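Visitor: Line order of the protein sequences matches chains Y and G.
Here the UniProt record's numbering is used: position 192 in the first sequence is 192, and no number is missing along the way.
Here the UniProt record's numbering is used: position 108 in the second sequence is 108, and no number is missing along the way.
Virtual Cβ for every residue (Gly too), placed ideally from N, Cα, C.
Predicted, not measured: the structure shown is a model, and the values here were computed from it.
Attaching a single structure in structure tokens format; questions to follow.
There are 2 protein chains.
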Amino acid sequence: MQQRARTATRIQRKNTAAILEAALEVFSAHGYRGATVDQIAQAAGLSKPNLLYYFPSKEALHMTLLDGLLETWLDPLKAMDPEGEPLEEILAYVRRKLEMSRDFPRESRLFANEIIQGAPRIAPALSGELKALVDDMAGVINGWIASGKIAEVDPYHLIFSIWSLTQHYADFDVQVHAVLGGPEVDPYPAAQAYLETLFTRMLTPKG
Amino acid sequence: MQQRARTATRIQRKNTAAILEAALEVFSAHGYRGATVDQIAQAAGLSKPNLLYYFPSKEALHMTLLDGLLETWLDPLKAMDPEGEPLEEILAYVRRKLEMSRDFPRESRLFANEIIQGAPRIAPALSGELKALVDDMAGVINGWIASGKIAEVDPYHLIFSIWSLTQHYADFDVQVHAVLGGPEVDPYPAAQAYLETLFTRMLTPKG
DNA sequence: CGTCGGTTTTACCAGATGGTCAAAATGCGT
DNA sequence: ACGCATTTTGACCATCTGGTAAAACCGACG
């Protein structure tokens with residue numbers, strides 16, 4: 001029986017960690033339906049029934065992953081400081097998001113897969129927590145615009161543009177490398193420079 | 001037996017068209033593995049064996065779809081005129097790509113699904129045809145920069161940014177609508193305006 | 001040593017899925 | 001209406017997949 005969460009054995013911690021790591025790897029590479037429990041179990045060094053001893057179902061495992069992810073995903077947005085220097089704050093956000101694409105591409109792809117397929121399992125979180133947060137940030141940005149600290153822009157589409165531009169380098173990784181000519185090319189330095197220029201020119205008041 | 005492509009019956013044309021339409025719908029919504037042949041057949045108003053009479057396998061059906069897609073996808077890029085007014089040409093490209101996201105979101109998602117999962121079936125086309133085309137365009141853009149018609153930017157990342165920004169509205173549709181507050185909101189007019197501003201500010205020479 | 005909670009394995013199942021095949025039905029030119 | 005090629009169907013398979021049950025294993029502690 002699954003013990004009632006009181007304490008967690010050393011073995012338990014080790015195995016759940018290995019499973020989540022393996023699940024992230026497999027789900028992000030093949031999507032929910034493309035991934036098989038067997039594949040994940042093997043990647044975690046366990047047998048399928050053994051994995052199912054720790055997580056009651058494939059679905060539950062996937063959900064656990066997504067829940068943990070959403071928090072990680074929203075953190076950088078929360079970290080923006082309404083009192084800070086506007087352009088600096090936005091550029092810092094862009095930088096942080098781009099670093100996340102570089103350092104956690106699997107998480108990005110897991111998220112992308114879910115959204116593309118209609119977000120069947122996280123739709124509530126999108127129109128709930130996420131929308132609330134974005135609405136807040138949009139207010140802050142509008143404040144910055146009103147005080148003349150940055151140029152006029154639609155704050156929602158500004159945020160969309162940051163998301164799409166930064167996540168592109170994780171989600172469409174193969175395309176980027178195909179066009180740039182091979183896996184040995186590191187697109188991130190140039191991307192970082194490009195995005196900084198882009199948003200600086202976009203947001204600097206008056207032209 | 002499959003007749004040897006000599007002519008195509010009326011029935012043949014009607015059914016293959018219905019199948020491709022249904023396949024696009026289902027593949028783009030659920031991904032390759034998430035889609036079932038039965039589902040596609042039903043959506044096309046046929047039985048599964050009947051569908052397999054027209055396409056030898058699920059894989060072949062998917063490939064047919066992807067092949068046709070790539071052409072459609074590259075067309076707007078080819079349509080750019082090196083002799084045209086640089087900023088105008090780029091803005092027109094952005095506009096065309098955004099219209100494609102609005103009018104053909106399923107095609108966009110089909111493509112996105114494929115790339116995210118490592119482009120198992122179109123990797124050659126990416127590093128072949130696509131790369132060649134982008135290399136050409138990068139050359140043209142560099143020419144525009146050299147002649148002072150537009151500001152200095154990395155042409156490759158400029159192209160990436162156009163792709164990511166425009167396709168975002170198709171691929172991440174649910175997220176956009178969740179944040180904007182419901183399916184009745186049409187994000188495209190504002191997106192169009194935002195992107196025009198963005199690239200105008202980015203590319204107008206001297207600041 | 002024994003036993004007891006926690007862990008792992010072996011064997012298994014039911015349903016889904018991609019695909020095959022031969023026969024039946026249908027269209028179509030004459 | 002006839003005969004042929006095309007199209008459609010129904011029955012069927014092998015395999016894969018998520019999940020279960022129960023037995024075996026293991027390590028700590030009395």
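Could you say which of N142(G), M63(G), L70(G) and P76(G) lies nearest to P86(G) if we only look at CA atoms?
Guide: The shortest Cα separation from P86(G) among N142(G), M63(G), L70(G) and P76(G) belongs to N142(G).
Visitor: I think V179(Y) touches K131(G), with their Cβ atoms under 8 Å apart; what is that distance to the nearest whole Å?
Guide: 5 Å between Cβ atoms; contact.
Visitor: Please report whether the beta-carbon of Y194(Y) lies at a distance below 8 Å from any beta-carbon of chain G.
Guide: Judged by the 8 Å Cβ criterion, Y194(Y) is in contact with chain G.
Visitor: Which residue comes first and which comes last in the alpha helix (DSSP H) that contains K14(Y)?
Guide: Counting along the chain, the alpha helix (DSSP H) containing K14(Y) begins and ends at R10 to G34.
Visitor: Within the same chain, show all residues whose beta-carbon is closer than 8 Å to that of residue 209(Y), passing over the 5 residues directly before and after it, in chain order.
Guide: Within the shown structure, residues of chain Y are numbered from 1 to 207, placing residue 209(Y) beyond reach of any answer.
Visitor: Name, going along the chain, the residues of the segment 97 to 115 of chain Y whose beta-carbon falls closer than 9 Å to a beta-carbon of chain G.
Guide: If the cut-off is 9 Å between Cβ atoms, the segment 97 to 115 of chain Y has R109, A112, N113 and I115 near chain G.
Visitor: Report the residues of the UniProt domain "HTH tetR-type" (13 to 73) of chain G with a CB closer than 8 Å to any CB of chain Y, ordered along the chain.
Guide: From the UniProt domain "HTH tetR-type" (13 to 73) of chain G, only A29, H30, G31, Y32, R33 and G34 have a Cβ closer than 8 Å to chain Y.
Visitor: Provide the residue span of the alpha helix (DSSP H) that contains K78(G), from first to last.
Guide: Start and end: K58 to K78.
Visitor: Can you tell which of I11(Y), A60(Y) and L198(Y) has the C-alpha that lies nearest to the C-alpha of A151(G)?
Guide: Checking every option, the nearest Cα to that of A151(G) belongs to L198(Y).
Visitor: Along the alpha helix (DSSP H) that carries K131(Y), what are the first and last residues, could you check?
Guide: Unbroken alpha helix (DSSP H) run through K131(Y): K131 to A146.
Visitor: Strictly under 8 Å for the Cβ-Cβ distance: is A123(G) near chain Y by that measure?
Guide: Taking Cβ atoms only, chain Y reaches closer than 8 Å to A123(G), which makes this a yes.
Visitor: Look at the alpha carbon of P120(Y) and the alpha carbon of A23(Y), and state the distance between them as a whole number of angstroms.
Guide: Cα to Cα, P120(Y) sits roughly 18 Å from A23(Y).
Visitor: Excluding sequence positions up to five away, which residues of its chain have a Cβ less than 7 Å from the Cβ of G148(Y)?
Guide: If we look at G148(Y) and ignore the five residues flanking it on each side, its Cβ neighbours are P205.
Visitor: Going along chain G in order, which residues have a C-beta closer than 8 Å to the C-beta of L126(Y)?
Guide: The answer, in chain order, is V174, Q175, A178 and V179.
Visitor: Compare the beta carbon distance of I122(G) and L66(G) with 8 Å and say whether it is the shorter of the two.
Guide: The answer is yes: Cβ separation under 8 Å.
Visitor: Distance check for P49(G) and M202(Y), CA to CA, integer angstroms please.
Guide: When rounded, the distance between both Cα atoms is 55 Å.
Visitor: Consider the Cβ of L198(G): report whether some Cβ of chain Y lies at a distance smaller than 8 Å.
Guide: Yes, its Cβ sits closer than 8 Å to a Cβ of chain Y.
Visitor: For F111(Y) and T9(G), I'd like the C-alpha separation in whole angstroms.
Guide: In a straight line, the C-alpha of F111(Y) is about 44 Å away from that of T9(G).
Visitor: Nearest to D186(Y) by CA position, among L195(Y), D173(Y) and S127(Y), is which residue?
Guide: Checking every option, the nearest Cα to that of D186(Y) belongs to D173(Y).
Visitor: Any Cβ of chain G within less than 8 Å of the Cβ of A190(Y)?
Guide: It does: the Cβ of A190(Y) has a partner Cβ on chain G nearer than 8 Å.
Visitor: Quick one: is P86(G) near chain Y, going by C-beta distance under 8 Å?
Guide: No, its Cβ sits nowhere closer than 8 Å to a Cβ of chain Y.
Visitor: Taking the CB atoms as reference points, tell me whether G31(G) and R33(Y) lie closer together than 8 Å.
Guide: Contact: yes.
Visitor: Buried or exposed: which applies to Q3(G), given that a residue is buried once 16 or more other Cβ atoms fall within 10 Å of its Cβ?
Guide: Here Q3(G) scores only 40 on pLDDT, less than 50, and its place in the model is too uncertain to base an answer on.
Visitor: How big is the Cα-Cα spacing for S164(Y) and F55(G)?
Guide: Cα to Cα, the separation comes out at about 36 Å.
Visitor: Give the interface partners of G118(Y) over in chain G, defined as CB-CB distance under 8 Å, in chain order.
Guide: Going along chain G in sequence order, the residues near G118(Y) (Cβ under 8 Å) are A29 and V174.
Visitor: Is L195(G) helix, strand or coil by DSSP?
Guide: Reduced to three states, the DSSP call for L195(G) is helix.
Visitor: Which one of D38(G), G84(G), Q42(G) and I115(G) has the shortest CA to CA distance from L70(G)?
Guide: Ranking the options by Cα distance to L70(G), first place goes to I115(G).
Visitor: With a cut-off of 8 Å, does the C-beta of S161(Y) fall near any C-beta of chain G?
Guide: By this cut-off, S161(Y) is an interface position.
Visitor: DSSP state of E114(Y), grouped into three classes?
Guide: E114(Y): helix per DSSP, three-state reduction.
Visitor: Can you give the Cα-Cα distance for Y188(Y) and R109(G), rounded to whole angstroms?
Guide: Each residue's Cα considered, the two are about 25 Å apart.
Visitor: Which of the residues in the segment 131 to 148 of chain Y, read from start to end, lie with their CB under 7 Å from any CB of chain G?
Guide: Those would be K131 and V134, in chain order.
Visitor: Evaluate E88(G) with the Cβ neighbour count: other Cβ atoms within 10 Å of its Cβ, from every protein chain shown; 16 or more gives buried, anything less gives exposed.
Guide: That one is exposed.
Visitor: Checking 8 Å against the spacing of the C-beta atoms, do L51(G) and A44(G) come in under that value?
Guide: It is a contact, given that the beta carbons lie within the stated cut-off.
Visitor: The alpha helix (DSSP H) that contains D81(Y), what's its start and end?
Guide: Unbroken run through D81(Y): none, as it is neither H nor E.
Visitor: Is G181(Y) near the ligand GTP, with its Cβ less than 7 Å from a heavy atom?
Guide: In the structure on display, the ligand GTP does not appear, and there are no ligands present to speak of.
Visitor: Inspect the beta-carbon positions of L20(Y) and L74(Y) and report whether they are closer than 8 Å.
Guide: Going by C-beta atoms, L20(Y) is not nearer than 8 Å to L74(Y).
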